[in-house]
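See below for the structure under consideration.
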Amino acid sequence: AQRVTQPEKLLSVFKGAPVELKCNYSYSGSPELFWYVQYSRQRLQLLLRHISRESIKGFTADLNKGETSFHLKKPFAQEEDSAMYYCALPPYQTGANNLFFGTGTRLTVIP
Amino acid sequence: SAVISQKPSRDICQRGTSLTIQCQVDSQVTMMFWYRQQPGQSLTLIATANQGSEATYESGFVIDKFPISRPNLTFSTLTVSNMSPEDSSIYLCSARESGELFFGEGSRLTVL
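Protein chains in written order, with my numbering: chain A, 1319 to 1429; chain B, 122 to 233.
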């Protein structure tokens, strides 16, 4: 069965420091992975998806099939990056359109 | 992008009562979903709301407890029936459009 692991519940970094939010997955086949973000008092929203290979708000994530990881990175954290971050992937079964979410990491950027 | 409105945004309910949450999407979408987010935990899929047919429930969730309606391509309701304190949670409506999941702001239910 699909599984997404985010080992850190809480992560604090200083403004301007690099940040990496970890995500490991177990999946049979080639997964499509996502990062969702929830800022304070806002709804959950898509940050980026690996197939698009975009950099959103300075964040990037590379799919490493060897390590089964999809870590989210940003070279210089900003205060506005403080939020809850969720890694997600579709369920194992084909044809499903929903997502399975990790437990999330709360990032706090210290001024 | 789809904009999703949910109501109520929050409510305090008595044990044994039922509450219906409404979800409105500003565009027609094929796929709508209901998630639950219990305190300190991640999102858990309750069911897929299918237009014109019965919802598809995930393991651990049943229609009697969480009846769902989907009368058209822009609207769905989730009812939490015979509530207990364990049902205190945030309930999220979601819709899939152009390969992306969009979410409502959630309905925070507290059951006393």
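Think of the CB as a built atom: it goes at the ideal place given N, C-alpha and C, for glycine as much as any other residue.
- Query: Which residues, in order along the segment 202 to 232 of chain B, keep a beta-carbon less than 9 Å from a beta-carbon of chain A?
  - Reply: Under the 9 Å Cβ criterion, the segment 202 to 232 of chain B contributes Leu213, Ser215, Arg217, Gly220, Glu221, Leu222, Phe223, Phe224, Gly225, Glu226 and Gly227.
- Task: Determine the DSSP secondary structure at Asp185 of chain B, reduced to helix, strand or coil.
- Result: Asp185 of chain B: coil per DSSP, three-state reduction.
- Item | Glu207 of chain B - DSSP class collapsed to helix/strand/coil | DSSP, reduced to helix, strand and coil, places Glu207 of chain B within a helical segment of the structure shown.
- Look at the Cβ atom of Met1402 of chain A, then the Cβ atom of Arg1424 of chain A, and state whether they are nearer than 8 Å. Cβ distance < 8 Å, so Met1402 of chain A and Arg1424 of chain A count as in contact.
- Which residue comes first and which comes last in the beta strand (DSSP E) that contains Leu1407 of chain A? In the DSSP annotation of this structure, the continuous segment of the beta strand (DSSP E) that includes Leu1407 of chain A starts and ends at Ala1401 to Leu1407.
- For Thr151 of chain B, which option in B:Leu222, B:Glu179 and B:Arg229 has the closest C-alpha, if you only look at C-alpha atoms? It is B:Leu222.
- Task: Assess, as a yes-or-no matter, whether the segment 224 to 232 of chain B is touched by the segment 122 to 131 of chain B under the definition of 3 or more beta carbon pairs within less than 8 Å.
- Result: A contact exists between the segment 122 to 131 of chain B and the segment 224 to 232 of chain B.
- Query: Are at least three pairs of beta-carbons, each pair with one atom in the segment 189 to 196 of chain B and one in the segment 131 to 140 of chain B, less than 8 Å apart?
  - Reply: The segment 189 to 196 of chain B vs the segment 131 to 140 of chain B: no contact.
- Task: Can you tell me which of the three DSSP states Glu221 of chain B falls into?
- Result: If DSSP states are grouped into helix, strand and coil, Glu221 of chain B belongs with the strands.
- Gly1376 of chain A burial status per 10 Å Cβ neighbour count (16 or more: buried): That one is exposed.
- With 7 Å as the limit, tell me which residues of the segment 163 to 184 of chain B have their beta carbon closer than that to any beta carbon of chain A; keep them in chain order. Cβ contacts with chain A come from Ser163, Leu164, Leu166 and Thr169.
- Item | Residue nearest to Ile211 of chain B in terms of C-alpha spacing, selected from B:Ala176, B:Val183, B:Ser163 and B:Gln172 | The shortest C-alpha separation from Ile211 of chain B is found at B:Ser163.
- Query: Among residues of its own chain, excluding the 5 on either side of Gly220 of chain B, which ones have a beta-carbon nearer than 8 Å to its beta-carbon?
  - Reply: Cβ neighbours of Gly220 of chain B beyond the five flanking positions: none.
- Message: Below 8 Å on the Cβ atoms is my contact criterion, and I expect Leu1390 of chain A with Leu1339 of chain A to pass it. Report the Cβ-Cβ distance as a whole number of Å.
- Response: Right, their Cβ atoms sit about 4 Å apart.
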